Structure formats: C-alpha cells, structure tokens
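Enquirer: If you count by the numbering used here, then the sequence shown holds residues 4 to 158, one letter each, in order.
Below is the structure I would like to discuss, written out as structure tokens.
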Amino acid sequence: MQQNKGTPSVTKPIPEKDAMQLSGRFCFVLQRVNRVISRRLNSVLQPIGITGSQLMILDAIGLDSDLRQKDLAELLGKDHATITANLAPLVRRGLVARDKDRKDSRAQRISLTPDGACLLGLARELVKGFEADLSRRISDENDLGELCNALDNLS
C-alpha cells in the first residue's frame with residue numbers, strides 16, 4: 004500500500020465475508036485478543052516501568068516467595084530463556100533477588116525485594132482499574148471470572 008507523506012497508513016478493512024471466517028475461528032480470536040490486551044496492559048504499566056510479562060513474574064513471586072526459576076517458568080507456561088530475559092531487568096532494578104538454592108547449587112531461588120513488593124502493590128492497583136474496564140466490556144464480573152476459568156482449563 005502506498006503512503007502519502009504525513010498521512011498515517013490505513014489498514015484496509017477485511018471484507019465482511021472474510022471477517023466472519025476469521026473471527027469465528029477460536030485460535031484467531033484468542034491470538035488477537037492476547038495481542039490487544041498485552042499492548043493495553045503494557046500501556047497501563049508503562050508509568051511504573053514494567054511490562055505485563057514482568058508483572059506476571061512479580062505477581063507469581065509475590066504469591067510464593069520461595070520459587071526456583073524453573074518452577075516459575077512452569078507456573079507461567081514460559082520457557083527458561085524467556086523467564087531469564089524478563090527477570091534480568093527486574094534483578095538490575097533491585098525488584099527481585101536471585102540466590103543459589105541451598106539444596107541444589109545448580110538452581111536459583113527468586114524472591115521479591117522490599118522495592119519489588121512495593122512496586123507490585125502499585126501494579127496491582129493499576130491492573131484493578133484495567134480489569135474493571137475489561138469486565139465492563141464483557142458484561143459483568145461473574146462473566147469475567149467464568150471466562151478466566153474456562154481459558155485456564157485450556158492451558
């Protein structure tokens with residue numbers, strides 16, 4: 004598509020027939036919703052300097068302060084490299100501490116620092132408003148809870 008200088012590119016709308024074929028496909032809808040919500044969540048969290056992926060890590064560590072990095076990867080359904088890449092900036096900022104596991108010197112235990120716990124509290128407040136908005140779009144809070152449970156059963 005050719006662009007005029009100064010004019011933002013406009014994506015051509017999908018013809019109605021094709022839109023029905025794509026939007027009716029479960030995996031397509033899940034992928035699209037995942038991307039849209041991830042972008043919006045990252046925007047909500049941007050003022051405190053973390054991403055949605057980093058929030059999930061902080062939240063998981065906040066719920067279990069004695070996790071091994073391997074356990075965290077399994078809990079979040081992410082590979083070791085992704086967890087390592089997302090943990091590194093959190094460790095550099097002093098939000099998360101990594102320590103050698105006392106029982107297995109090859110493993111690392113991760114925990115929130117006091118600064119990490121404080122930031123997690125701020126993030127949870129930001130996410131409350133974001134999730135309330137999502138809930139209103141679905142219809143009510145019970146529907147959102149049921150949707151979360153149904154989607155969780157897929158993983």
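All C-beta atoms, glycine included, are put in the ideal place defined by N, C-alpha and C.
Model, not experiment: these values are computed from the prediction.
1. Measure the CB-CB distance between L98 and D67 and report whether it falls below 7 Å.
2. How long is the line joining the alpha carbons of L115 and G65, rounded to whole angstroms?
3. Taking the alpha carbon of I51 as the point to measure from, which residue in L93, G80 and L75 has its own alpha carbon closest?
4. For a test of the three-state rule: what should DSSP assign to R127, helix, strand or coil?
5. Apply the 10 Å Cβ neighbour rule to V89 and answer buried if 16 or more other Cβ atoms are within range, or exposed otherwise.
6. Identify every residue that forms a DSSP beta bridge with V99.
7. How about I58 and A135: do their beta carbons lie closer than 7 Å?
8. Quick one: complete alpha helix (DSSP H) runs, 4+ long, within the segment 30–82?
9. Please state if the CB of I113 and the CB of L70 are separated by a distance shorter than 7 Å.
10. Run through DSSP, which three-state label would R139 get?
11. Would you check if the distance between the CB atom of L78 and the CB atom of A100 is smaller than 7 Å?
12. Among F133, L137, A84 and Q72, which residue has its Cα nearest to the Cα of R109?
13. Taking the Cβ atom as the reference point for each residue, do L129 and V47 lie within a distance shorter than 7 Å?
14. List the whole-angstrom C-beta distance separating L61 from F133, where the pair is believed to meet the contact cut-off of C-beta under 8 Å.
Expert: On the basis of the supplied data:
1. Position 95 of the sequence shown, counting from 1, holds the residue named residue 98. Position 64 of the sequence shown, counting from 1, holds the residue named residue 67. Not in contact: L98 and D67 (Cβ atoms no closer than 7 Å).
2. To locate residue 115, count along the sequence shown from 1; it is residue 112. To locate residue 65, count along the sequence shown from 1; it is residue 62. Distance between the alpha carbons of L115 and G65 is about 7 Å.
3. Position 48 of the sequence shown holds residue 51. It is L93 whose Cα lies nearest to the Cα of I51.
4. Here residue 127 refers to the residue found at position 124 when the sequence shown is read from its first residue. Note: R127 maps to helix in three-state DSSP.
5. Mapped onto the sequence shown, residue 89 falls at position 86. This sequence places Asn at residue 89; Val is not what is there. N89 comes out buried.
6. In the sequence shown, the residue the question calls residue 99 occupies position 96. L115.
7. Against the sequence shown, residue 58 aligns to sequence position 55. Against the sequence shown, residue 135 aligns to sequence position 132. Note that residue 58 is Leu in the sequence shown here, rather than Ile. Cβ distance not < 7 Å, so L58 and A135 don't count as in contact.
8. 55–66 and 72–79
9. In the sequence shown, the residue the question calls residue 70 occupies position 67. In the sequence shown, the residue the question calls residue 113 occupies position 110. Yes.
10. Looking up residue 139 in the sequence shown gives position 136. Helix, per DSSP.
11. Your numbering for residue 78 matches position 75 in the sequence shown. Your numbering for residue 100 matches position 97 in the sequence shown. Contact flag unset, no.
12. Against the sequence shown, residue 109 aligns to sequence position 106. Here the closest residue by C-alpha is Q72.
13. Walking along the sequence shown from the start, residue 129 turns up at place 126. Walking along the sequence shown from the start, residue 47 turns up at place 44. A contact, by the Cβ cut-off of 7 Å.
14. Working through the sequence shown from its first residue, we reach residue 61 at position 58. Working through the sequence shown from its first residue, we reach residue 133 at position 130. So it is not a contact: roughly 15 Å between Cβ atoms.
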